[in-house]
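Everything on this sheet refers to the single structure shown next.
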Amino acid sequence: MLNADLDLGIPLKAMNDQGIFNEEIERIFSNNWIFLGFVDEVLNPGDFVVRRIGLNSVIVVRGEDGRIRAFFNACRHMGTELCEAEYGRASTFTCPYHGWTYNNMGRLVGVPVKDIAYKRFKLSDVSLYEIKIDTYENLIFGNLGSSTQSLSDYLGETKWYLDIFFKASGGMKIVGKPIKFIADFDWKSGASNFAEDRLHTITTHRSVVELGYASPISRFGYVTPGLSEITACYLNDSLGRPVGAFGMRFPPEESIPGFFGFYGDHFREHSKPEGVSEEQYKVFQRVSHWVGTIFPNLSFFTAADQTDKSGKPNSPVSLIRLWQPIGPGKTEVWTWVVVPRVLPDEIAKRVYEVTTSHFGPSGVAEMDDTAIWRRISKSASGNLARRISQLIIGGLDSVSDLPVLRDWRGPGLVRPTQFHEDGPRTFWKRWLMEMGYEVKW
Numbered sequence: 001m002l003n004a005d006l007d008l009g010i011p012l013k014a015m016n017d018q019g020i021f022n023e024e025i026e027r028i029f030s031n032n033w034i035f036l037g038f039v040d041e042v043l044n045p046g047d048f049v050v051r052r053i054g055l056n057s058v059i060v061v062r063g064e065d066g067r068i069r070a071f072f073n074a075c076r077h078m079g080t081e082l083c084e085a086e087y088g089r090a091s092t093f094t095c096p097y098h099g100w101t102y103n104n105m106g107r108l109v110g111v112p113v114k115d116i117a118y119k120r121f122k123l124s125d126v127s128l129y130e131i132k133i134d135t136y137e138n139l140i141f142g143n144l145g146s147s148t149q150s151l152s153d154y155l156g157e158t159k160w161y162l163d164i165f166f167k168a169s170g171g172m173k174i175v176g177k178p179i180k181f182i183a184d185f186d187w188k189s190g191a192s193n194f195a196e197d198r199l200h201t202i203t204t205h206r207s208v209v210e211l212g213y214a215s216p217i218s219r220f221g222y223v224t225p226g227l228s229e230i231t232a233c234y235l236n237d238s239l240g241r242p243v244g245a246f247g248m249r250f251p252p253e254e255s256i257p258g259f260f261g262f263y264g265d266h267f268r269e270h271s272k273p274e275g276v277s278e279e280q281y282k283v284f285q286r287v288s289h290w291v292g293t294i295f296p297n298l299s300f301f302t303a304a305d306q307t308d309k310s311g312k313p314n315s316p317v318s319l320i321r322l323w324q325p326i327g328p329g330k331t332e333v334w335t336w337v338v339v340p341r342v343l344p345d346e347i348a349k350r351v352y353e354v355t356t357s358h359f360g361p362s363g364v365a366e367m368d369d370t371a372i373w374r375r376i377s378k379s380a381s382g383n384l385a386r387r388i389s390q391l392i393i394g395g396l397d398s399v400s401d402l403p404v405l406r407d408w409r410g411p412g413l414v415r416p417t418q419f420h421e422d423g424p425r426t427f428w429k430r431w432l433m434e435m436g437y438e439v440k441w
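Here UniProt numbering is used: the first residue of the sequence shown is 1, the next is one more, and so on.
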C-alpha cells in the first residue's frame, strides 16, 4: 500500500489523455502568457512568423507602422486559414478562398467585386482578430485570456534569473531558424524535465558521457568535485502562483570561465549593464550552466564546454525551447539557438553546430530524452494509468533532509544541489492549480 504522504496527486493519465488534453488547451493555453517568438524574427515592416497558442494558429507581424501585432490566422469571412507560410515578408495577406485581403496591420483593405456583392459593406468595419501580446527583452508572448495581469507580473520572480541571461549578457540573439520536430510524448514531459530534473541525467544520458560528448565540467548526473550548484524553485508570479524554476552550476575559478561558457574575453572588458544588480552580475560572471522552465511550455538550457566530436573547439550548448502541444501524447518541439549579441558570427556558428549536435531530431541528448518520454506516454495510454500517480518525490521533507540556501540573494526556494525534484514539482504544482486538482503539498 502506498504511503499517503507520497501521493502528490500527479496523475499518470495526464501524460496521454484526450479529455485532459482538451482541458489543458482551454484552462492553461487560453489563459496564460504563451511564448510566440523573438523580436529579431520580425525586425522590419512586413516581417511575419506563424506560430501557435494551444491549437490556434497565430500570425505575428510587424506592421507598416512599426508596431508588432498578433492575429488569429483565419479570414473573417469564412474562417479559412489565411497564411500557410511559416515566415516571410508581406504587405498584405489574401485569403485563398474568396480573396479577402488584409494589410499587415490586420485591417481589411479589399474584397473582390465589392460594388456588386458588398456595395454598402464598409471594409473599415472588419479586421483580423487581434491577440494581446507583450515583450520581455527579445521575447514575444501572447495571451488569449481576459486577465489584466501584465507579462512582467506573470514572469514575476523568474525575471531575476532571466535578467542574468538576457540583460547581464548585453542581450541575446538567435542564430538561424528554429528547428522543429514532432514526437510521441506529452508536452509536460519536456517542460517539467527542463524545470531542473538533473536526476534523470545519471541514467538517461549515460551514453552522452561515455561517448565523450559531455565535458568533465558537466558530466551530467555525476557530482563533480569543485563544482557548486543551486536550484531556485517555486518562483512565483505577482499573484503568488508558481511560474518557474531554474538550476545553475558554477565551476571553480581556475576552471573554464563563467559567462554561461560564452568566451569570457568578450565580456571582461565591459562594465555591468544597466538593469542588473551587482549580485546578478556576479552570478553572470561565474555561471557555466543553466536550465529552467517558465510555465507552461517555455524552457532554457545552456551548458559550457561541449563538443560535437568534430575536432573543432568546444563550445556552449545554448537554446530556448518551446514544447508545443498538438495532441494527447504528441508534441511539436521548437528549438532556437541563442548567443550573446557581442559574439562574432564565426563563434555563433560554432555554438549552433554544437547545440544542434546535442539537441534536435538526431541530437545525442535529444534521442535519449525522447525515447524515455515516449515510453511514459505509452504507459499513460492504458486504463491502469487512471489508478496511479507519478511519484515525483525527490527532495520532499518526508524522504530527504535537503538544506535550503539562506544566503542566496535571488528569490525562490533555493537548494545548494540539483539532486532533487523541487523543480519538476514547481511545474506540477502550477499545473494542478490551473486544472482544478487538489494541491497536496
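Virtual Cβ for every residue (Gly too), placed ideally from N, Cα, C.
Residue(s) in a DSSP beta bridge with residue i
| i | result |
| --- | --- |
| residue 446 | The chain is shown only over 1 to 441; residue 446 falls outside these bounds and no answer can be derived. |
| E229 | R249 |
| L413 | C233 |
| K173 | V339 |
| F181 | V333 |
| W290 | M248, T302 |
| V58 | R51, F72 |
| G37 | I140 |
| P242 | N236 |
Where residue i sits in the DSSP three-state scheme
| i | result |
| --- | --- |
| R52 | strand |
| Q280 | helix |
| W431 | helix |
| Y234 | strand |
| V42 | helix |
| F29 | coil |
| L298 | strand |
| W187 | helix |
| A348 | helix |
| L402 | coil |
| V209 | helix |
| D308 | coil |
| I10 | coil |
| L391 | coil |
| S192 | helix |
| P316 | strand |
| residue 464 | Residue 464 lies beyond the residue range present for the chain, which begins at 1 and ends at 441; the question has no answer from this structure. |
| H200 | helix |
| H420 | coil |
| F165 | helix |
| G436 | coil |
| D397 | coil |
| D265 | helix |
| N16 | coil |
CB contact below 8 Å: residue i versus chain C
| i | result |
| --- | --- |
| H77 | Of the chains in the structure shown, none is chain C; there is only one protein chain. |
Same chain, Cβ closer than 7 Å to residue i, neighbours up to 5 away in sequence not counted
| i | result |
| --- | --- |
| P11 | S389 |
| L139 | F35, F38 |
| T158 | L235, V243, G244, I294 |
Spatial neighbours of residue i in its chain, beta-carbon cut-off 8 Å, leaving aside the 5 residues before and after
| i | result |
| --- | --- |
| V364 | S207, V208, L211, Y213, S357, H358 |
| W441 | L8, L396, R425, K429 |
| V58 | L36, V50, R51, R52, A70, F71, F72, N73, I131, G142 |
Cut-off 6 Å between Cβ atoms - residues of its own chain near residue i, not counting five sequence neighbours on either side
| i | result |
| --- | --- |
| E421 | I392, G394, G395 |
| E229 | R249, Q418 |
| L402 | G395, R415, H420 |
| T92 | T101, N103 |
| L123 | L108 |
| T94 | T101 |
| E41 | V49 |
| T231 | E196, G247, R415, Q418, G423 |
| G110 | T101 |
| G171 | R341 |
**OP:** Could you tell me which uninterrupted alpha helix (DSSP H) segments, each at least 4 residues in length, are contained entirely in the stretch 354-388, listed from first to last along the chain?
**Re:** 364-380
Original post:
Does the stretch 240-248 come close enough to the stretch 156-174 to have 3 or more Cβ pairs within less than 8 Å?
Top reply: yes
Original post:
If we count Cβ pairs, one from each stretch, closer than 8 Å, do we get three or more for the stretch 10-20 versus the stretch 114-133?
Top reply: no
Subject >> Segments of 3+ residues assigned as beta strand (DSSP E) that fall wholly inside the stretch 63-109 >> reply: 68-72, 87-89, 92-94, 101-103
**OP:** Taking 8 Å as the threshold, find out whether the stretch 367-375 comes into contact with the stretch 311-325 through three or more Cβ pairs.
**Re:** no
Subject >> Three CB pairs or more closer than 8 Å across the stretch 283-290 and the stretch 179-192 >> reply: no
**OP:** Evaluate contact between the stretch 132-152 and the stretch 67-76, counting only Cβ atoms and requiring at least three cross-stretch pairs below 8 Å.
**Re:** yes
**OP:** Inspect the CB distances between the stretch 260-275 and the stretch 141-158 and report whether three or more fall short of 8 Å.
**Re:** no
Subject >> Start-end ranges of the alpha helix (DSSP H) lying completely within the stretch 108-160, minimum 4 residues >> reply: 114-117, 151-155
Original post:
Counting Cβ pairs closer than 8 Å, one from the stretch 293-302 and one from the stretch 25-41, do we hit at least three?
Top reply: yes
Original post:
When the Cβ atoms of the stretch 184-195 are set against those of the stretch 372-380, are three or more pairs found closer than 8 Å?
Top reply: yes
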